[in-house]
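Participant: In this note's numbering, each residue's number is its place in the sequence shown (first place is 1) plus 406.
Here it is: the structure, laid out below.
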Amino acid sequence: MPDRVVSNGCFYKICAGRVRVFRKADSSEIDAIHRLLIDEAAQGRFDHRLVEEPYRTGLRQNLQHIRKRGRRLDEELRAQLLVWENDAGEATGCVINSAIQAEYGNEIWMVAVFPEFRGQGQGHAMNSELLSFLHPRVDVFSRCAPQAQVYFRMNLRRGFLPLDTTAQGVRVMKLPKLGAAPDAPGTLHQQLEPFVEMPLR
């Protein structure tokens, strides 16, 4: 029996007789996701400005807009706010899959695991499934704020390559599409492919 199946446009991982799945976040989960991302920003995982106003409120509005309309509010880009469920059907983490320019490019904008599920392999499983779907299809990008040292190191461990650092100190990283040749460091301008959505339940 395969350990992954795609059925009715949904991407599933079969695990011990149960199925793990990415799904669209519910409106009732926005508060918890917002708190999680703010806490992660406070610990240096994301841009530290998210802890302060007006960025804190802006993030919450962005999460709601992505969930309702499938687009980011801050840059008017296509995006998905996804929740990862464990074998018991509990929401253990979240990820924002975002376009980079209009309808092009794939960026893992934010990814995090709820504190009560850390140390159980949920983050590894979630990221593995995300990349196993996207990596064969498109280049995957990530941007790390200067303070986001943990996120930067995590991306390096997953095979992301540093491309460049912007004037604001943001580090641009890329996981080249499976089989593609890596770019030389300093290659900031990229040929972007059409945005690919993760299939959902």
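The beta-carbon is built from N, C-alpha and C at its ideal position, and this holds for glycine as well.
Should S434 go down as buried or exposed, given a rule of 16 or more other Cβ atoms within 10 Å for buried?
Facilitator: Exposed.
Participant: Can you find the residues in the same chain that come closer than 7 Å, C-beta to C-beta, to L540, ignoring five residues on each side of it along the sequence?
Facilitator: N512, V546 and V602
Participant: Helix, strand or coil for D445, going by three-state DSSP, please let me know.
Facilitator: helix
Participant: Between the C-alpha atoms of G505 and R477, what's the straight-line distance to the nearest angstrom?
Facilitator: A small fix is needed here, since residue 505 is Ala in this sequence, not Gly. Straight-line Cα distance between these residues: approximately 9 Å.
Participant: For the segment 517-524 against the segment 427-447, are there 3 or more C-beta pairs whose distance is under 8 Å?
Facilitator: yes
Participant: First and last residue of the beta strand (DSSP E) that includes E513?
Facilitator: N512 to V519
Participant: Using a threshold of 8 Å, state whether the C-beta atoms of L606 and F428 are closer than that.
Facilitator: yes
Participant: Going by alpha carbons, who is nearest to D432 out of Y461, E458, R475 and L456?
Facilitator: Check the Cα spacing between D432 and each of Y461, E458, R475 and L456: the tightest is with R475.
Participant: Between S534, E482 and L483, which has its C-alpha nearest G499's C-alpha?
Facilitator: Measuring from the Cα of G499, the nearest candidate turns out to be S534.
Participant: Would DSSP call L540 helix, strand or coil?
Facilitator: helix
Participant: Using 8 Å as the threshold, is the C-beta distance between S538 and M579 below it?
Facilitator: no
Participant: Assign L483 to one of two classes, buried (16 or more other C-beta atoms within 10 Å of its C-beta) or exposed (fewer than that).
Facilitator: buried
Participant: Out of curiosity, what's the CA-to-CA distance linking R473 and E599?
Facilitator: 23 Å
Participant: Classify G529: buried if its beta carbon has 16 or more other beta carbons within 10 angstroms, exposed otherwise.
Facilitator: buried
Participant: Let's test the definition: count the other Cβ atoms within 10 Å of the Cβ of A554 and tell me whether it reaches 16, buried, or not, exposed.
Facilitator: By the Cβ-count criterion, A554 is buried, with 16 or more other Cβ atoms from all chains shown falling within 10 Å of its own Cβ.
Participant: Tell me which residues share the same chain as E496 and place their Cβ nearer than 8 Å to its Cβ, disregarding the 5 neighbours each side in the sequence.
Facilitator: F523
Participant: Among H471, M604, L488 and H440, whose alpha-carbon lies nearest the alpha-carbon of D480?
Facilitator: Nearest C-alpha to D480: H471.
Participant: Going by CA-CA distance only, name the one from P552, I502 and A508 that's closest to L465.
Facilitator: I502
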